[in-house]
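One structure is given below, encoded as structure tokens.
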Amino acid sequence: LFGTNAIYHSGTDGGYFVMKHTSASQASGDTLGTVLFQGKDDGGTNTNYIQIIGKSDDITAASDDSSLEFKTMNAGSMASTLMLKSGNVGIGEASTNHPLQVKSTTASYITRLENDTAAGHGLIIQAGNSASTLTLRCTNHDGTVNSLYAYADGTVTLPTGNLGIGDTSPDAHLKVEDT
């Protein structure tokens, strides 16, 4: 079933499966193994729906790097969904060079952190309504939305409500408390 380049071991340790790259001229960037999850589409065509790909990104002794990429089918095309690469995580980005990199091509929020309890609060950090605007939006458990806009020129605005500095319940557009 596995051939000579794959080893399966079972035992009291739970077992393991090894895919072994046996090329005499192994190089950085080589694919070490791929796992495919395949099914038939509604037209009866065999289709790869999920791929997991392991690579040796750098095979320099004592400074080796590797990556594990998860691809899923999206609108009929295989797309990188999650990349684990040399200690970095890429979501929607296959060539991540940051501890956490998230990339989206949709018009929706790129990141959403949400607490799904009755008293929970969510936080959304998103690009603003123009290339030079950053929007920070906090949604309370009751659905109340509070937004803060920061512009490239350093201006910060609130679309509604009051701003308190040192005061959590300001009763004016701007209230500063010296504490």
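If you use our numbering, the sequence shown corresponds to residues 46 to 224, in order.
For every residue, glycine included, the Cβ atom is placed at its ideal position computed from N, Cα and C.
Problem - Nearest residue (CA-CA) to Ala124, options Asp102, Gln146, Ile97 - result: As a working note, residue 124 is residue 79 in the sequence shown. Ranking Asp102, Gln146, Ile97 by Cα distance to Ala124 puts Ile97 first.
Problem - the stretch 82 to 93 contacting the stretch 103 to 111, beta-carbon criterion three pairs below 8 Å - result: no
Exercise for the section: Let me know the secondary structure DSSP gives Lys220 once reduced to three states. Expected result: On the sequence shown, position 175 is the one that residue 220 refers to. Looking at Lys220 - three-state DSSP - the assignment turns out to be strand.
Problem - Beta-bridge partners of Gln96, as assigned by DSSP - result: Against the sequence shown, residue 96 aligns to sequence position 51. Bridge partners of Gln96: Leu81, Lys116.
Handout entry: Val134 to Ile104 span [Cα, whole Å]
Key = Walking along the sequence shown from the start, residue 134 turns up at place 89. Walking along the sequence shown from the start, residue 104 turns up at place 59. Rounded to whole angstroms, Val134 to Ile104 spans 20 Å at the Cα level.
Exercise for the section: Report all residues from its chain with a CB closer than 6 Å to the CB of Ser112; omit the five preceding and five following residues, and keep chain order. Expected result: Residue mapping note: residue 112 aligns to position 67 of the sequence shown, counting from 1. Taken in chain order, the residues that qualify are Lys100, Asp102, Lys130.
Problem - Pick from Gly137, Lys116, Thr202 that is closest to Thr150, judged by C-alpha positions - result: Here residue 150 refers to the residue found at position 105 of the sequence shown. Among Gly137, Lys116, Thr202, the Cα nearest to that of Thr150 is on Gly137.
Handout entry: Residues that DSSP places opposite Ile210 in a beta bridge
Key = In the sequence shown, the residue the question calls residue 210 occupies position 165. DSSP lists Val221 as partners of Ile210.
Practice task
Return helix, strand or coil for Gln71, following the three-state DSSP convention.
Solution key: Along the sequence shown, one-based indexing puts residue 71 at 26. In this structure, Gln71 counts as coil in the three-state DSSP scheme.
Problem - Burial state of Thr141, where buried means 16 or more other Cβ atoms lie within 10 Å - result: Looking up residue 141 in the sequence shown gives position 96. Looking at its Cβ environment, which holds 16 or more other Cβ atoms inside 10 Å, Thr141 is buried.
Handout entry: Contact check, Val201 vs Ile210, beta carbons under 8 Å
Key = Against the sequence shown, residue 201 aligns to sequence position 156. Against the sequence shown, residue 210 aligns to sequence position 165. No, these two residues do not count as a Cβ contact at 8 Å.
Exercise for the section: Count the other CB atoms, across all protein chains shown, that sit within 10 Å of the CB of Leu46; report buried if there are 16 or more and exposed otherwise. Expected result: One-based indexing of the sequence shown puts residue 46 at position 1. With a pLDDT of 48 at Leu46, under the threshold of 50, the predicted position of this residue should be treated as unreliable, though the coordinate-derived value follows. Exposed: under 16 other Cβ atoms inside 10 Å.
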